[in-house]
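Asks: With the first letter of the sequence shown counted as 1, position 75 gets the number 74 in numbering that gives the first Met the number 0; the numbers rise by one all the way through. By construction, the Cβ of each residue, glycine as well, lies at the ideal position given by its N, Cα and C atoms.
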Amino acid sequence: MTYEERTVREDDPAVVATPTTTSGGSSVVERRVTRTPSGGETAGRIVILLFGIIQAFIILRIILLLMDAREGNDIVQFILNTSQIFVGPFEGILRTESLKAAGSVLDLAAVLALVGWTIVEALILAAVGVFRREPSV
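1) What are the residues that DSSP puts in a beta bridge with A55?
2) Is the beta carbon of L59 less than 9 angstroms from the beta carbon of L105?
3) Under 7 angstroms Cβ to Cβ from G138, same chain only, skipping five residues before and after it: list those, please.
4) Distance, Cα to Cα, E40 vs I118?
5) Helix, strand or coil for T17 per DSSP?
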């Protein structure tokens, strides 16, 4: 899998007798540069994708509970049940689980879970970043 591919053209005054020689005695050197992602870059992209999915489910949970979505709906039920897996470890940290007003619920455990999973993602990306290779020029 090629991550980046480009053609570099430059004047090289050291090369003299080639078919692409210009009037000044220099020639145009053309080389193809390709760069493939390192294992650390690939791992970082996978981590970002997985935690992005987790964070999306948690954000959808917060929005659906704030909008007082009908929990009998299959899609709403799927999102709430799936996000419960990731919100569960953060329940009970605060004395107040949620704030309720007129049917809407602000799930504080879900907000805390969103912050917590983002911190975990940052720590994993920092650990994976140690193995990243810098692009050579």
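Replies: The short version:
1) Reading the sequence shown from its first residue, position 56 is the one you call residue 55. None, per the DSSP bridge assignment.
2) As a first step, residue 59 must be located in the sequence shown, where it is residue number 60. As a first step, residue 105 must be located in the sequence shown, where it is residue number 106. Contact flag unset, no.
3) Any property of residue 138 remains undetermined from this structure, which presents the chain solely from 0 to 136.
4) Along the sequence shown, one-based indexing puts residue 40 at 41. Along the sequence shown, one-based indexing puts residue 118 at 119. Roughly 19 angstroms between the two C-alpha positions.
5) For the purposes of this step, residue 17 is taken as residue 18 along the sequence shown, with counting starting at 1. Legend: pLDDT at T17 = 49, less than 50; position of this residue unreliable, value from coordinates given subsequently. Coil, per DSSP.
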